[in-house]
Amino acid sequence: MKTSILRTPRARRTVKVAAVVAAGVLALTACGDSDSDDSDTGSAEVNDDATFEAGTTMATLQEAGKITIGTKFDQPGFGLKGLSGDPEGFDVEIGKIIAGGLGIEGDDITWVETPSAVRETVIEDGDVSLVAATYTINDERKERITFAGPYYVAGQQIMVRSDDTAITGPDAFKADSKLKVCSVAGSTPADNIGEYLASPGQLVTFDVYSKCADALRNNQVDAVTTDNVILLGLVGDSDGAFKVVGDTFTEEPYGIGVKKGDVEFCNYIVDTLKKASEDGSYEKAWTSTAGKVEGSEVPTLPTADACA
Ligand code: GLU
């Protein structure tokens, strides 16, 4: 599998098994358990017999035998690039399922890191054929791209340091205007948290969530907010340093982003994911990745919106 990085916001990572390597402390990543070979995560079937109408995105990709997919590189359980070089996670498996239906093997996927704020742009610019990156479907984004899905529904929540007893949910920020909360630029949680703040200055943003986790660990912020499943992954990787508090307070339906108006490709993705939920590969994609994180439940594929 090939990877490339559109931007390089690599942040220090923590490990399950603390691996401290002299000075400079480089982190190892472990997504759930230590298994990281393809036999554990490879849930995607490769269909060599599919036929597509000439001129469609599917036919073009099938003919090329390769695809470039945007995903996250620092979100344990959904898209995490470890030292092995290959990203792993539920979104990565969903990407492999979509590629597999086009006859494209995992090794012929080029993965590029797509932080939240660049997702629409990389799709518009044709840098990637699709984005699978904890990507909430909403009207503003639909003005620039087309979404296939939802294929999962998350919800926004709050993460704090484990020894924190003061913050029990988003209402804490209005009650104490000195508290700072971190999220990612260009994300829906960064927008949504606004109404819970006493002043906009309480929100600190970075380009990726691993930097928020670092800021929380270093006491530069008091909380991190984003989707529950992203936070659960960060908690699982934190060696007990973090915990999630309060209930989810938004709905974040995840979609696959494709070029605006490519309804055929969108329909292909919807159909492929439906088949994957029927043949067990959707469930396997989950249980081999995000499903390993404590507190997660096996999802049922939601009914997809009409492609537009
Ligand atoms: N699902 C939210 C969003 O798309 C938050 C996760 C993310 O930033 O990737 O904005």
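Count along the sequence shown from 1, then add 2; that gives the number in this note's numbering.
Don't be surprised by glycine CBs; every beta carbon is placed ideally from N, CA and C.
Alpha carbon of residue i to alpha carbon of residue j, nearest angstrom
i	j	result
residue 199	residue 75	29 angstroms
residue 244	residue 236	8 angstroms
residue 151	residue 196	27 angstroms
residue 145	residue 174	34 angstroms
residue 131	residue 99	14 angstroms
residue 48	residue 106	6 angstroms
residue 212	residue 192	15 angstroms
residue 216	residue 308	39 angstroms
residue 41	residue 290	The pLDDT assigned to residue 41 is 39, lower than 50, so where the model puts this residue is not dependable; a value taken from the coordinates is nonetheless given after this. In a straight line, the C-alpha of residue 41 is about 10 angstroms away from that of residue 290.
residue 134	residue 172	28 angstroms
residue 254	residue 139	7 angstroms
residue 214	residue 56	45 angstroms
residue 35	residue 238	Bear in mind that the predicted position of residue 35 carries a pLDDT of just 35, short of 50, making it unreliable; the figure below should be weighed with that in mind. Cα to Cα, the separation comes out at about 10 angstroms.
residue 256	residue 155	6 angstroms
residue 64	residue 263	20 angstroms
residue 292	residue 228	16 angstroms
residue 240	residue 168	20 angstroms
residue 272	residue 165	43 angstroms
residue 250	residue 94	24 angstroms
residue 204	residue 247	18 angstroms
residue 116	residue 69	15 angstroms
residue 310	residue 265	6 angstroms
residue 176	residue 219	22 angstroms
residue 110	residue 124	19 angstroms
residue 189	residue 282	31 angstroms
residue 108	residue 83	15 angstroms
residue 153	residue 178	37 angstroms
One or two residues paired with residue i in a DSSP bridge
i	result
residue 185	207
residue 225	183
residue 254	156
residue 300	None; residue 300 has no bridge partner.
residue 70	112
residue 81	77
residue 261	147
residue 245	162
Under 9 angstroms between C-beta atoms of residue i and residue j
i	j	result
residue 206	residue 185	yes
residue 81	residue 294	no
residue 223	residue 182	yes
residue 53	residue 267	no
residue 102	residue 46	yes
residue 170	residue 77	no
residue 225	residue 275	no
residue 114	residue 148	no
residue 194	residue 252	yes
residue 284	residue 60	no
residue 160	residue 233	yes
residue 143	residue 67	no
residue 287	residue 96	yes
Exposure label - residue i; buried when at least 16 CB within 10 Å
i	result
residue 26	In this predicted model, residue 26 has a pLDDT of only 28, less than 50, meaning its place in the structure is not dependable; the value taken from the coordinates is given anyway. Exposed.
residue 278	buried
residue 230	buried
residue 180	exposed
residue 298	buried
residue 209	buried
residue 300	exposed
residue 10	Residue placement at residue 10 is poorly supported in this model, since its pLDDT is 30, which falls under 50; the coordinates still yield a value, given next. Exposed, since its Cβ has fewer than 16 Cβ neighbours within 10 Å.
residue 122	buried
residue 302	exposed
residue 201	exposed
residue 87	exposed
Original post:
At what residue ranges does the stretch 86-169 contain a whole run of the alpha helix (DSSP H), taking only runs of 4 or more?
Top reply: 92-102, 121-126 and 141-144
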